[in-house]
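Down below is the structure, laid out as structure tokens.
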Amino acid sequence: MREGRRVKAALKMGRLVNIKTLASFDFSFQPSLDRNRILALAQLDFIDRNEAIHFLGQPGCGKTHLGLALAVEAVKAGRSVYFATLADLIGSLAKAEREGTLRERIRFLCRPQLLVVDEIGYLPVIPGGGNLFFQLVNARYERGAMILTSNRGFGEWDQVFGDSVVAAALLDRLFHHAVVVRIEGASYRLRRHAELLPDAAAP
Numbered sequence: 005m006r007e008g009r010r011v012k013a014a015l016k017m018g019r020l021v022n023i024k025t026l027a028s029f030d031f032s033f034q035p036s037l038d039r040n041r042i043l044a045l046a047q048l049d050f051i052d053r054n055e056a057i058h059f060l061g062q063p064g065c066g067k068t069h070l071g072l073a074l075a076v077e078a079v080k081a082g083r084s085v086y087f088a089t090l091a092d093l094i095g096s097l098a099k100a101e102r103e104g105t106l107r108e109r110i111r112f113l114c115r116p117q118l119l120v121v122d123e124i125g126y127l128p129v130i131p132g133g134g135n136l137f138f139q140l141v142n143a144r145y146e147r148g149a150m151i152l153t154s155n156r157g158f159g160e161w162d163q164v165f166g167d168s169v170v171a172a173a174l175l176d177r178l179f180h181h182a183v184v185v186r187i188e189g190a191s192y193r194l195r196r197h198a199e200l201l202p203d204a205a206a207p
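Using my numbering, you'd call the opening residue of the sequence shown number 5 and step up by one each time.
Structure follows, in structure tokens:
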């Protein structure tokens, strides 16, 4: 009972309100994924090595599910975790910069052993946001593990962050100790409504 309360408290502190598990992930729907590779990541050695895990793929293919599931495994193992979308993360950094507390905010975001950054590329990054995110990534470089999910290829990050120099600097650090998992399959969310999609009517 006490252990259950500890896990729930840690999940809430890490902003893991939408709980996903590896047991509920449908690997049969994503044959491009190596199940054993994902289960190996769930052993959490990447956290000890301060590595960055990249989940890449189209919207709805399971990137966020996997990121959250690994974060839940980390919490169960007693690791500290923090989850945020890129937009929320940059928003909090921009607010801290305006208030003169950017250093403290970055220090706070460096405390968790695992930082999960979701939805890179889904929304436009605010002016200066790429630089703020770089400061955080640089502060965590070789000091803390990260999981990043994106629907955009690395070659498009200059468009995502609006600055090719910042994008190159980010990738330089995020690639140094990295595991890249590409998911080639279709959307989980759309599969239930496949008959409504235009392609379904094609001969």
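C-beta atoms are modelled at their ideal positions from N, C-alpha and C, and glycine is treated no differently.
**Report entry** Nonlocal neighbours in the same chain, by C-beta distance under 7 Å from L140, ignoring five residues either side
**Finding:** Here residue 140 is taken as the residue at index 136 of the sequence shown, counted from 1. Excluding residues within five positions, the ones whose Cβ falls inside 7 Å are L97, I110 and L113.
Query - Buried or exposed by the 16-neighbour rule on C-beta atoms within 10 Å, applied to F31 - result: Along the sequence shown, one-based indexing puts residue 31 at 27. Exposed is the call here.
Query raised in the report: Going straight from the alpha carbon of Q163 to that of K80, what length do you get?
Result: Position 159 of the sequence shown, counted from the first residue, corresponds to residue 163. Position 76 of the sequence shown, counted from the first residue, corresponds to residue 80. Cα to Cα, the separation comes out at about 37 Å.
Query raised in the report: By Cβ distance, which residues of its chain are closer than 6 Å to P116, with the 5 residues on each side in sequence left out?
Result: Taking the sequence shown and counting its residues from 1, the one referred to as residue 116 is at position 112. Its chain contains S84, V85 and Y86 as the residues whose beta carbon lies nearer than 6 Å to that of P116, once the 5 sequence neighbours on both sides are disregarded; these appear in chain order.
Query - Q47 versus I151: straight-line alpha-carbon distance, rounded - result: Taking the sequence shown and counting its residues from 1, one reaches residue 47 at position 43. Taking the sequence shown and counting its residues from 1, one reaches residue 151 at position 147. Distance between the alpha carbons of Q47 and I151: 14 Å.
**Report entry** V121 beta carbon less than 8 Å from that of A88
**Finding:** Numbered from its first residue, the sequence shown carries residue 88 at position 84. Numbered from its first residue, the sequence shown carries residue 121 at position 117. Taking the C-beta atoms as reference points, V121 is found nearer than 8 Å to A88.
Query raised in the report: Within this structure, are the beta carbons of R107 and N142 separated by less than 8 Å?
Result: One-based indexing of the sequence shown puts residue 107 at position 103. One-based indexing of the sequence shown puts residue 142 at position 138. Cβ distance not < 8 Å, so R107 and N142 don't count as in contact.
Query raised in the report: How is the beta strand (DSSP E) around A78 delimited, first residue to last?
Result: Indexing the sequence shown from 1 puts residue 78 at position 74. First-last for A78: K67 to K80, but that is the alpha helix (DSSP H), not the beta strand (DSSP E).
Report task. Look at the Cβ atom of K24, then the Cβ atom of L72, and state whether they are nearer than 8 Å. Result -> For this step, residue 24 is matched to residue 20 along the sequence shown. For this step, residue 72 is matched to residue 68 along the sequence shown. Their beta carbons are under 8 Å apart, which means K24 touches L72 by this criterion.
**Report entry** Alpha carbon of L175 to alpha carbon of F158, nearest angstrom
**Finding:** By 1-based counting over the sequence shown, the position of residue 175 is 171. By 1-based counting over the sequence shown, the position of residue 158 is 154. Approximately 8 Å between the Cα atoms of the pair.
Query raised in the report: Are there 16 or more other CB atoms within 10 angstroms of the CB of S154, so buried, or fewer, so exposed?
Result: In the sequence shown, counting from the first residue as 1, residue 154 sits at position 150. Burial call: buried.
**Report entry** Own chain residues within Cβ distance below 8 Å of V183, not counting five before or after
**Finding:** Working through the sequence shown from its first residue, we reach residue 183 at position 179. Here the set comprises L45, F50, E55, A56, I57 and H58.
Query - Where the beta strand (DSSP E) through L60 begins and ends - result: In the sequence shown, the residue the question calls residue 60 occupies position 56. Where L60 is concerned, the enclosing beta strand (DSSP E) stretches over A56 to G61.
Query raised in the report: On the premise that I124 lies in contact with L90, defined as a C-beta separation below 8 Å, what is that separation, rounded to the nearest angstrom?
Result: Start at 1 with the first residue of the sequence shown, and residue 90 comes out as number 86. Start at 1 with the first residue of the sequence shown, and residue 124 comes out as number 120. With 8 Å as the limit, L90 and I124 qualify as a contact, their Cβ atoms being about 5 Å apart.
Query - Unbroken stretches of the beta strand (DSSP E), 3 residues or longer, contained in the segment 81–149 - result: Taking only runs of at least 3 residues, the beta strand (DSSP E) segments lying wholly in the segment 81–149 are 85–89 and 118–124.
Query raised in the report: Quick one: Cα of H180 to Cα of R53, how far?
Result: In the sequence shown, the residue the question calls residue 180 occupies position 176. In the sequence shown, the residue the question calls residue 53 occupies position 49. Cα to Cα, the separation comes out at about 12 Å.
Requested in this report: Indicate the three-state DSSP secondary structure (helix, strand or coil) for I23 in the structure shown.
Outcome: Counting from 1 along the sequence shown, the entry for residue 23 is found at position 19. In this structure, I23 counts as coil in the three-state DSSP scheme.
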